[in-house]
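Novice: Quick note: the sequence shown uses my numbering, first residue 55, plus one each step.
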Amino acid sequence: MSVLTLQNIAKSYGKIQALKGVSFNVPEGSVFGILGPNGSGKTTLLSIILDVLKADKGNFLWFNNPSSPAQRKQIGSLLETPNFYHYLNAINNLKITHSISHRGNETDGIDDVLHKVNLFERRKSRFSTYSLGMKQRLAIGAALLGSPKVLVLDEPTNGLDPVGIAEIRELIKDLNRKGHTIIMASHLLDEVEKVCTHVAILKKGDLITSGAVDEVLIDEDIVEVGSADMTLLKNTLQQYTGVIKLQEENNLLQIIFPKGTAQLEAINQHCFNKGIVLQHLLLKKKRLEARFFELTNN
Ligand code: ATP
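1) Leaving out five residues on either side along the sequence, give the residues of the same chain with a beta carbon under 6 angstroms from the beta carbon of Val253.
2) Are the Cβ atoms of Leu242 and Val76 separated by less than 8 angstroms?
3) Does the distance from the C-beta atom of Leu198 to that of Lys178 stay below 8 angstroms?
4) For Pro312, does the three-state DSSP call read helix, strand or coil?
5) Nearer than 7 angstroms: is that true of the beta carbon of Ser94 relative to any heavy atom of ligand 1?
6) Just mark Val354 as buried or exposed, buried being the case when its beta carbon has 16 or more other beta carbons within 10 Å.
7) Is it buried or exposed for Met238, if we count other Cβ within 10 angstroms and need 16 for buried?
8) Quick one: is Leu336 buried, meaning 16 or more other Cβ sit within 10 Å of its Cβ, or exposed?
9) Exposed or buried, which one is Val106 when buried takes at least 16 other CB atoms within 10 Å?
10) Do you know offhand how far Val279's Cα is from Gln293's?
11) Three Cβ pairs or more, each shorter than 8 angstroms: is that satisfied between the segment 284-298 and the segment 119-127?
12) Going by DSSP, what residue range makes up the beta strand (DSSP E) through Pro81?
13) Please classify Asn352: is it buried, with 16 or more other beta-carbons within 10 angstroms of its beta-carbon, or exposed?
14) Return the CA-CA distance between His234 and Pro202, expressed in angstroms with no decimal places.
15) If you follow the beta strand (DSSP E) that Ser66 is in, where does it begin and where does it stop?
16) Smallest Cα separation from Leu100: which of Lys338, Leu58, Val331, Ile194?
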């Protein structure tokens with residue numbers, strides 16, 4: 055089932071086209087990353103699906119239905135850091151947030167939320183004594199009030215130190231394991247790779263691609279080979295099992311295999327059996343960054 059369906063969403067601010075007709079689906083149970091450099095339209099997109107901004111064109115469906123107040127209750131969000139009271143503890147801060155948001159019927163859920171974001175032990179400490187990571191976990195806790203099925207988070211690790219970043223990434227994965235679908239914006243490929251199951255890549259308001267992370271950011275093995283007779287080498291390797299493609303670069307032949315499947319010894323043996331002596335044989339890993347730049351640069 056699709057939690058969110060975007061159909062041709064467009065939005066301009068005067069002459070700036072922040073989104074140029076973006077469509078994709080967010081599957082239920084996913085951690086869905088919206089990945090793109092600064093200014094690519096991520097926050098605009100999240101603001102539209104949260105009814106903070108209105109799209110100029112296109113529409114979106116939550117749980118296959120147009121957005122409604124009842125559905126909004128199934129969506130928790132963190133677009134900007136909430137203003138917590140520094141001299142109050144986590145329980146009282148969440149009580150205040152709850153009374154403003156009206157999400158969920160009772161304040162009983164606060165203990166559950168504090169457990170979920172791993173702040174139960176520190177629930178009676180003042181907010182001012184929290185680390186940056188704990189503050190952000192409380193902000194995610196506020197978004198979890200009323201037990202929404204979906205969480206929408208804008209750059210949830212921004213501004214945190216490495217420990218805080220690790221805490222939040224773990225928390226997101228844990229919340230996903232507990233049944234929440236998570237939609238999060240990020241400008242970090244590494245983060246999306248570590249945390250997300252699915253991704254949509256935006257560049258200057260255009261959707262470059264979307265789908266499962268493993269499929270979109272395919273990681274490949276590249277084997278570089280060279281020999282005196284490059285034509286014979288190429289003809290020999292054309293039919294080699296498991297090859298995705300062959301390409302020539304710097305007088306060498308690059309053989310592309312799916313991630314983790316290239317076997318140098320077998321390639322060497324195969325060539326030798328065909329009467330070819332290799333002068334060069336090297337395994338290179340195609341980095342995900344290379345794939346990301348390929349996608350966003352062209
Ligand atoms: P960042 O990570 O820097 O927040 P982003 O990917 O979230 O970037 P948006 O904030 O959605 O991107 O911005 C998309 C484009 O729209 C940018 O060119 C930005 O300058 C422009 N923009 C965003 N908000 C406004 C606004 N209120 N008025 C005018 N232009 C805006």
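Every residue, glycine too, gets a C-beta built ideally from N, C-alpha and C.
On a predicted model such as this, the values are computed, not experimentally measured, just so you know.
Specialist: Quick answer:
1) Counting only Cβ-Cβ distances below 6 angstroms, and skipping sequence neighbours, we find Gly87, Leu89, Val246, Val267, Val270.
2) In this structure, Val76 does not lie closer than 8 angstroms to Leu242 by Cβ.
3) The Cβ atoms of Leu198 and Lys178 do not sit closer than 8 angstroms to each other.
4) Strand at Pro312.
5) Yes, the Cβ of Ser94 comes within 7 angstroms of a heavy atom of ligand 1.
6) Since the first and last residues shown for the chain are 55 and 352, residue 354 lies out of range.
7) Around the C-beta of Met238, 16 or more other C-beta atoms lie within 10 Å, and the residue is accordingly described as buried.
8) Classification of Leu336: exposed, given that the 10 Å Cβ count is below 16.
9) Exposed is the call here.
10) Going from the Cα of Val279 to the Cα of Gln293 covers about 15 angstroms.
11) Output reads no: the segment 119-127 does not touch the segment 284-298.
12) Note, Pro81: beta strand (DSSP E), 70-81.
13) For Asn352, the predicted structure reports a pLDDT of 47, less than 50, and the residue's modelled location is therefore unreliable. The matter cannot be settled from this model.
14) The alpha-carbon atoms of His234 and Pro202 are separated by roughly 8 angstroms.
15) In the DSSP assignment, Ser66 falls within the beta strand (DSSP E) that extends over 56-67.
16) The alpha carbon of Leu100 has as its nearest neighbour, out of Lys338, Leu58, Val331, Ile194, the alpha carbon of Leu58.
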